[in-house]
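**Q** These protein sequence lines map, in sequence, to chains R and U.
In terms of the numbering used here, the first sequence is residues 1 to 696.
In terms of the numbering used here, the second sequence is residues 1001 to 1490.
Once you've had a glance at the structure underneath, I'll fire off some questions.
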Amino acid sequence: MAKQKLLVSKSSARSTVLVILSLLFFLVFVASMSNWFGLGDAIASSEALVRIAMRDEWLLVLLILPILGGFLQLSLGSKHVKWRDRVVIGTTFLDLALSLLIYPNALDGGIQIDFPRLLGLGLHFHVDMLGYAMILITNVVWLFVMIFTHVYIGHEKRSTRFYFFLALTYAMVLGAVAAADLFTMYLYFEIMTVASYLLVVHDQKDDSIKAAGTYLFMGLFGGFLILAAMLLLYFEVGDLRFLSALNALNDVGSIKYWILGLLIAGFGVKAGVVPLHIWLPRAHPVAPTPASALLSGILIKVGAYGILRVATSYYFPLEGSADATWLTVKTVGFFVIWLGILTMSVGVFMALQQAHVKKMLAYHSVSQMGYIVMGVGIAMYLGDHGAIGYAGAVYHILNHALFKSLLFLVAGVVSHHTHEMDMYKLGGLWKKLPVTTILSIVASLGIAGIPLFNGFVSKSILHHGIVEAVHEGSWVFQIAEIVFLVVSAGTVASFVKMNYHLFFKKTERKYDSIGFEWDGMNAAMIGLSFFIVAIGLAPGFLIETVILPQIRLMGFDPHFVEEAFAHLEYFNPTDILTMAGVAAAGYLIFHFGTKHHWFHLHLPRWMSFDYLIIFPLYQLLYRSCKILDRKNQAKWEEDERLLSIAGTNDTDTFSRIRRAVVRLSDATEGPIMQGDALIYAGLIAASLIILFLTAI
Amino acid sequence: MIENLPILVVLAMVVFAVTIPFWKKLSFRFTLILGGIVLVSALVANVAIWNHVQANGEILFRFGGHLPFLGIEFKIDAFASMFSLFVATLSLLIYLYSSGDKTEGIEQPEFFRFYVLFFLMLFSMYGILFSNDIFNTYVFIEILSLTSCAIVSIKRKKEAYAAAFRYVMLNEIGSLSFLLGIAFLYMSTGRLNIDLLRDALHTGTIQANVWMAVAFFTAGLGLKAAVFPFHIWLPDAYASAPTTSSAMLSSIVSKMYLVILIKVYAKVFGFDLLKGSALSTLLLVLASLGMILGSVYALAQKDLKRMLGYSSVSQIGYVLLGIAFFSEAGLRSAFFHMISHGLTKAALFLAVGIVIYLKQSRSVKGFEGTGFQMPIAMSVFAVAAFSMIGIPLTSGFIAKWNLGIAAETASQFGFLVLIVVSSFLNAMYFLPILFTAFFKDPADGPQRAKPEKIPAPMLVSIGALAVMILLLGIFPDWLMTMIDVVLAGF
């Protein structure tokens, strides 16, 4: 059926214009920062402009605008779709502009806003360059994903609700990264979890409800760990601001390790650190594409940001402190590096096994978060020489947000046109979707870390970091470095595989229903890819503008920082050769893997993380319930029979635990209810005896 | 003039209760409005009392002008005043809900009996709060027990009778324990007035029968407050009672017994006496068991109201934990939690009442699509559920935070684990209901069924409760300052 469609529709033209406009905005920003044509001097000399830019209130506007936009579009509803979409994209665009505006203020000592009387402890915001980097990348990615969404979601039901929860999540992410103390961050973090749950569960199918439920429970679990750590920290230190707490913490013994451990675990759930990552590969396939893009692109970064922030503020000493005070953070940093290594390996291994494109991308998110967590670990482990790890982690957060969201959007476009997500069933799409193919290649080159694309620089910096850890730390990190390189090769392999199967494979499928059209989706994706390429070509820009200023503020050894960064040549031969080697290895893995069917391993049922961690607990509960409930043997046997019939990964861990708990309470509730007089008498006697004995 | 307000409040309650049969002859509507006026004036009076007490100190009222050791004395200090304000607010909101009551079959002829009992309960609760004489407190406790038992069984169904019977039996055992405690105290000190008792107990050595009294008070009040493992009467009672009764019981009445427990511990015995003793350990153990097992049993329930009942057991465990530390931080958290839980539980029961009436079923599973049929009720339920789980912006979070601080102040860091685990268990049984309500479509009908028509007073009532939960969560300071004023008098 031939389709006569306009090659370019009005709304897609508008979207394209918007994308170009935002890119122009960025060019102006870069121009003024790098002082092209004297633009920076011109702006700085204009007093009125400077005064306007330096007002603290813009931060507040930036934080509140998404919520206002959300409510506004909610009231416009599905009756005024055009205006509703304009409000959504307009607020995101304005927020991006605002975030560019507050750069000079953030650079100049950070922006601070306080509301001391709310919520008991008060809400405090402080945007330093680390927070600024997060705000900037959030706004950039969110804008382009919103432009994508308004085309993509045209056919979905309940889009107004979706936009509202997107706006809510957006505001919460911004608040979380702009927080000045752990309490404010926790508030925003919790609400962000709930709001993003509402995104994942959007299409309300049974799978979505289950997966989203897992996400919410794990998110809340992480939140409670942070709450416990927060209570301990508040009690020991008295102040939750992100300032050095070592004075108060040094004498309390093991509690400081508990606090840091709880915080890493709590934020680690959100960051997708193994073994707390299990929600990630379940939530991403069921969420709508824009939600997955933002979940992987931004939300999990908030987890990594959390770990970075708490480790480097509470546990870093103030400038010029003695060596001993670095001990805590160095000890924990050692484990965090290995945690990162574990995460990246498990992630890439599982990714190679996947056929479902979004699930593969989800596992890659886990893997790349492993890189970031490893970077954080290096920053912690190397103590005052940890600037390399810090820079690598932050840079990779920015880069990953860009290429991962682009990859999810690509997957979304493919599924939108073909309604198929199994990569082995697709192929030959480059003919019908040429633009998408190119963009997919760009994003894949980014994530693989090929020179001239953004991933190369951050991965090189991280590589330098781990090498530094070998020099200054122990030889054990040689193994880490080898794993790092292998995982990078695996990443390359996985994306060669994905692109081959999706776009280049020869196939007999004819995609008659796909006609070429330029729409807002393409414009948005090109916008994102622009950043990938731009950062790849000029990697120093971000380091100079955003990362280095922050590093200089922290307690890192200034001499070391200058030495490491001032002479950093991004395109030096060693790094390029390493990358070439990794890429070659990756291609070889792909080639031999496809030939020898390495990518279809079916792990035995007991090897999922569900089983390894929760199963022992479940078995304990189950067996003790069985013993207590001897009367109902028949029911237990029936239950076991049903469980063994059910599918391999279908029986969800939480529902199993829940079932065991239900059995336990059924078994014990009866006796308690019937034995009331006996219990009362027994307890009275016991308490009398106890009190009597103490009194005498 | 203000000095007489507390007595007037108490009198107004009992007078109105007793005269309802006459008012209802004019018209039932008139009775409802008159009752509303009485409650609103009680609320206003309580605000005035609080202001007076805060500025000028406690109000002492001696009945008949007799000396304390002979007569009955009412003492309205900051402690009594704060909680009477709490009772006044919540009773007004629950009354508002009940006036629109089309739910859960209190049959028409029974309406006025319900309100007689309602106002008698209020009378006894104010009496408990204000009284400074321990035997007088006992009398009021008895009135409260009997009226609350009657209010449970008002539906005249067999299951309600069975539950109410068990409730009254166990409550009587509790009351008799309390009486026995009073007897022991009288035996050792010869006094019944709380202030005089305290003075007498603090001179000289502590005899063994004082500890017996402590034990009996604890057991008796524990039984009535549904401390684990004395909670056995609670699930059945809450489940078979009509909605407004369950709301009254769970939000206000259970708190009253905990208030008396605190009063007895603090004002009769004094915390310094009890602090290091085995009582603290005993209470900690019971509180921990209650916190965890209450939630565990709640998970397993298929009847929605039973589930909420067990959830109450868990929350009472939280309050008891705060009390068990016998410290100022502990009391602060206990007070805040009582008030926060009162609001939350009332909101939960009232919202659930609407759902049960319209769905004609109390099953936990039957919630599909209710998010759209009853948006306001389910939204209030969601806010209250978040408060129970402890998500920030709700009062429940502030309460848990304070409880954690209290545990740390007493150097009992292990309780942080308990708080976290029980919060997670709370999430495990509340969230699935929210999931099914908002995101599952009903088996028969379309996805977005039209919202049902629900009487305005009910919606206003639960809406006000939800707003208060959120306000308390975002601006907790005004309540904390009130609590600090109260604690200054301890």
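Cβ atoms here follow ideal geometry from the backbone N, Cα and C, with glycine treated the same way.
Closest by CA to R/Ile64, which one among R/Val173, R/Leu249, R/Gly446, R/His284?
**A** R/Ile64 has its Cα closest to that of R/Val173, out of R/Val173, R/Leu249, R/Gly446, R/His284.
**Q** Along chain R, which residues have their Cβ under 8 angstroms away from the Cβ of U/Ala1162?
**A** The premise fails here: U/Ala1162 is roughly 12 angstroms from chain R at the closest Cβ pair, so nothing lies under 8 angstroms.
**Q** Along the beta strand (DSSP E) that carries U/Lys1302, what are the first and last residues, could you check?
**A** From DSSP, U/Lys1302 is part of no beta strand (DSSP E); its letter is neither H nor E.
**Q** Under the three-state reduction of DSSP, which class applies to R/Ser46: helix, strand or coil?
**A** Looking at R/Ser46 - three-state DSSP - the assignment turns out to be coil, as it is neither helix nor strand.
**Q** Looking only at its own chain, which residues have a Cβ that is under 8 angstroms from the Cβ of R/Phe25, when we skip the five neighbours before and after it?
**A** Leu96, Ala97, Leu100.
**Q** Determine the chain U residues that contact R/Trp658 at a beta-carbon separation under 7 angstroms, and present them in chain order.
**A** In the sequence on display, residue 658 of chain R carries Arg and not Trp. Residues of chain U passing the Cβ test: Leu1299, Met1428.
**Q** Please compile the residues from chain U whose C-beta is within a distance smaller than 9 angstroms of the C-beta of R/Leu295.
**A** Correct list: empty, because the minimum Cβ distance to chain U is about 18 angstroms.
**Q** Mind checking the stretch 550-567 of chain R against chain U and listing, in chain order, the residues whose C-beta falls within less than 7 angstroms of any C-beta there?
**A** From the stretch 550-567 of chain R, no residue has a Cβ closer than 7 angstroms to chain U.
**Q** Please report the distance separating the alpha-carbon of U/Thr1409 from that of R/Leu502.
**A** Taking the straight line from one Cα to the other gives about 60 angstroms.
**Q** Using a Cβ-Cβ cut-off of 8 angstroms (strictly less than) and excluding sequence neighbours within five positions of U/Leu1011, which residues of its own chain qualify?
**A** Counting only Cβ-Cβ distances below 8 angstroms, and skipping sequence neighbours, we find nothing.
**Q** Is it buried or exposed for R/Lys459, if we count other Cβ within 10 angstroms and need 16 for buried?
**A** Flag for R/Lys459 reads buried.
**Q** Mind checking which residues open and close the beta strand (DSSP E) that includes R/Leu123?
**A** Here the beta strand (DSSP E) through R/Leu123 covers 123-127.
**Q** Since R/Val194 meets chain U, which of its residues come closer than 9 angstroms, beta carbon to beta carbon?
**A** Within chain U, the residues near R/Val194 are Phe1386, Ile1391.
**Q** Just to confirm the assignment, what range does the beta strand (DSSP E) spanning U/Arg1062 have?
**A** Where U/Arg1062 is concerned, the enclosing beta strand (DSSP E) stretches over 1059-1062.
**Q** What does U/Glu1110 touch in chain B if you count any residue whose Cβ is under 9 angstroms from its own?
**A** No chain B appears in this structure, whose protein chains are R and U.
**Q** Report the neighbours of U/Phe1424 on chain R: residues whose CB is nearer than 9 angstroms to its CB, in chain order.
**A** Those are Phe217, Leu220, Phe221, Phe224, listed as they occur along chain R.
**Q** For R/Pro549 versus R/Met54, is the C-beta distance shorter than 8 angstroms?
**A** Cβ atoms of R/Pro549 and R/Met54: not closer than 8 angstroms.
**Q** Along the chain, where does the alpha helix (DSSP H) that runs through R/Phe408 open and close?
**A** Taken as a continuous stretch (DSSP letters only), the alpha helix (DSSP H) holding R/Phe408 covers 387-418.
**Q** Which runs of the alpha helix (DSSP H), 4 residues or longer, sit entirely within the stretch 476-530 of chain R?
**A** Entirely contained in the stretch 476-530 of chain R, the alpha helix (DSSP H) runs reaching 4 residues are, in chain order, 477-499.
**Q** Please state the DSSP three-state secondary structure of U/Phe1140.
**A** U/Phe1140: helix per DSSP, three-state reduction.
**Q** With 16 other CB atoms within 10 Å as the buried threshold, where does U/Gln1315 fall?
**A** With 16 or more Cβ atoms within 10 Å of its Cβ, U/Gln1315 is classed as buried.
**Q** With 8 angstroms as the limit, tell me which residues of the stretch 1452-1481 of chain U have their beta carbon closer than that to any beta carbon of chain R; keep them in chain order.
**A** So the list reads Gly1473, Ile1474, Phe1475, Pro1476, Asp1477, Met1480, given in the order they occur along the chain.
**Q** In the DSSP assignment, find the alpha helix (DSSP H) that holds R/Pro111 and state where it starts and stops.
**A** The question names Pro, but residue 111 of chain R in the sequence shown is Ile. Counting along the chain, R/Ile111 falls outside any alpha helix (DSSP H), though it belongs to the beta strand (DSSP E) covering 111-115.
**Q** Whole-angstrom Cβ separation of U/Ile1469 and U/Ala1384, contact assumed at under 8 angstroms?
**A** Sure, about 6 angstroms apart at Cβ, within 8 angstroms.
**Q** With 16 other CB atoms within 10 Å as the buried threshold, where does R/Asn572 fall?
**A** Under this definition R/Asn572 is an exposed residue.
**Q** Identify, in the order they occur along the chain, each residue of the same chain with its Cβ nearer than 7 angstroms to the Cβ of U/Leu1043, setting aside the five sequence neighbours on each side.
**A** Same-chain partners within the cutoff: Ala1088, Thr1089, Leu1092.
**Q** Verify whether the separation of the beta carbon atoms of U/Ala1324 and U/Tyr1310 is less than 8 angstroms.
**A** Contact flag unset, no.
**Q** Please name the residue in U/Leu1289, U/Ala1329, U/Lys1453, U/Ile1419 whose C-alpha comes closest to that of R/Leu227.
**A** Residue U/Ile1419 is the option with its Cα nearest to R/Leu227.
**Q** If you reduce the DSSP assignment to three classes, tell me which class U/Asp1133 lands in.
**A** In the structure shown, U/Asp1133 sits in a strand (DSSP, three-state: E or B).
**Q** Would you be able to state if there are at least three C-beta pairs under 8 angstroms between the stretch 1251-1260 of chain U and the stretch 1118-1137 of chain U?
**A** They touch, by the three-pair rule.
**Q** Run the CB neighbour count on U/Ser1081, radius 10 Å, all protein chains shown included, and call it buried at 16 or more, exposed below.
**A** Per the 10 Å Cβ criterion, buried.
**Q** What residues from the stretch 1278-1293 of chain U come within 7 angstroms of chain R, judged by C-beta to C-beta, listed N to C?
**A** Answer set for the stretch 1278-1293 of chain U: Ala1278, Leu1279, Leu1282.
**Q** Please report the straight-line C-alpha distance between U/Thr1147 and U/Ala1183, rounded to a whole angstrom.
**A** Looking at the two C-alpha atoms, the distance is approximately 24 angstroms.
**Q** Taking all protein chains shown into account, decide if R/Glu563 is buried (16 or more other Cβ within 10 angstroms of its Cβ) or exposed.
**A** Result: exposed.
**Q** Grab me the residues of R/Ile307's own chain with a C-beta within less than 8 angstroms of its C-beta, minus the 5 sequence neighbours each way, in chain order.
**A** Leu263, Ile264, Phe267, Gly268, Ala271, Val336, Val373, Val376, listed in sequence order.
**Q** What is the rounded straight-line gap between the Cα of U/Arg1156 and the Cα of U/Leu1005?
**A** Cα to Cα, U/Arg1156 sits roughly 37 angstroms from U/Leu1005.
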